[in-house]
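Here's the structure, in structure tokens; my notes come after.
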Amino acid sequence: MIELAPSILSADFARLGAEAQAAVEGGATVLHVDVMDGHFVPNITIGPPVVASLRKVSKVPLDCHLMIERPDEFIPAFAEAGADWISVHREACVHLDRTLHLIAAHGCKPGVVINPATPVHAIDEVLPLVHHVLVMSVNPGFGGQTFIRSSLKKIELLSNIRESRRLGFRIEVDGGIHRDTVADVVRAGAEILVSGSAIFEQGNPSENARQLLKSALDAAKQPVQDLSSAVAGAADGANSLSLP
Ligand code: DX5
Ligand code: ZN
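Numbering (this note's numbering), first residue to last: 109 to 352.
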């Protein structure tokens with residue numbers, strides 16, 4: 109099932125409730141909340157109080173993407189504020205297994221995130237524990253960056269691993285998702301699509317969400333034999349993609 113998860117990072121924070129609601133009216137079924145601490149990533153954003161405010165005005169799952177050091181210290185506060193999904197970075201967690209169990213113990217669905225430079229095999233051991241794997245298709249820290257094409261083969265690999273190991277995690281992708289990249293990530297196997305600037309930066313968030321979701325659903329309907337040409341055609345030198 110394809111779901112759109114608008115990243116509120118690109119919303120007008122003075123009108124956050126209305127902007128989030130507009131995206132949901134356009135078909136978004138998850139709200140993605142980017143939490144940055146100025147240490148793990150070179151930017152600072154929001155914390156539990158904003159999650160608590162969003163919780164009051166929206167019923168869809170709140171997907172809290174923690175781009176922070178020492179996430180164990182903050183997971184209880186995000187859970188208390190109303191987070192439904194909490195994801196932590198492989199690169200930020202020395203004791204990742206413990207951190208994922210901590211998220212579950214607080215009643216939230218645990219997710220693990222990998223940066224563009226982190227290979228899929230770095231999370232092999234925790235795949236049975238997670239509700240979702242978030243593949244970063246930009247280096248985390250800012251909205252509006254260019255999609256990194258090498259993330260496509262990681263999405264495809266995760267999809268294959270899930271099938272061969274009979275696991276149930278969902279595959280989410282985050283960064284540079286807009287109308288020119290969405291079809292490729294869907295064809296590679298992504299199901300939860302995070303998008304910030306394409307939803308909130310210009311125009312109407314409802315209409316933007318509707319159009320992006322339609323492009324994603326259209327791509328998902330394409331026959332499987334179209335996959336190799338679509339993904340291979342998107343490859344370029346530095347980020348080339350090879351299919352089996
Ligand atoms: C980047 C964040 C993303 C970001 C996506 O660190 O994790 O969620 O907001 O923004 P766009 O869609 O503009 O790349
Ligand atoms: Zn994010």
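Cβ atoms here follow ideal geometry from the backbone N, Cα and C, with glycine treated the same way.
In this structure, ligand 1 has a non-hydrogen atom nearer than 6 Å to the beta-carbon of Gly304. In the three-state DSSP reduction, Glu299 falls in the coil class, being neither helix nor strand. At least 7 Å separates the beta-carbon of Phe255 from that of Ser267. For His209, the uninterrupted alpha helix (DSSP H) segment begins and ends at 204-213. Judged by beta-carbon spacing, Leu275 lies within the 7 Å limit of Pro236, meaning their Cβ atoms are closer than that value.
Around ligand 2, the residues selected by a Cβ distance under 5 Å to any of its heavy atoms are Asp142, His173, Asp282, following chain order. For Leu265, the uninterrupted alpha helix (DSSP H) run begins and ends at 259-273, by DSSP. Approximately 5 Å separates the beta-carbon atoms of His147 and Glu177; this is inside 8 Å, confirming the contact.
With respect to the 7 Å criterion, Ile285 and Gly297 are not classified as neighbours on the basis of their beta carbons. In terms of Cα proximity to Arg123, the closest of Val238, Ala230, Phe308 is Phe308. By the neighbour-count definition (other C-beta atoms within 10 Å, threshold 16), Gly125 is an exposed residue. When the Cα atoms are used, Cys172 and Pro156 turn out to be separated by approximately 10 Å.
Under DSSP, the beta-bridge partners assigned to Ser115 are His140.
Judged by DSSP secondary structure, Ile307 falls within the alpha helix (DSSP H) whose first and last residues are 305-308.
Selection Asp282, Gly219, Leu265 evaluated against Gly249 yields Asp282 as nearest (Cα-Cα). Contact annotation: Gly251 and Gly304 have beta-carbon atoms nearer than 7 Å. With fewer than 16 other Cβ atoms from the protein chains shown falling within 10 Å of its own Cβ, Lys164 counts as exposed. In this chain, the alpha helix (DSSP H) harbouring Val158 covers 156-165. Pro224 places its beta carbon 7 Å or farther from that of Leu208.
Burial is judged here by how many other beta carbons sit within 10 angstroms of a residue's own beta carbon; Arg206 has fewer than 16 and is exposed. Only buried fits Val143, as 16 or more other CB atoms lie within 10 angstroms of its CB.
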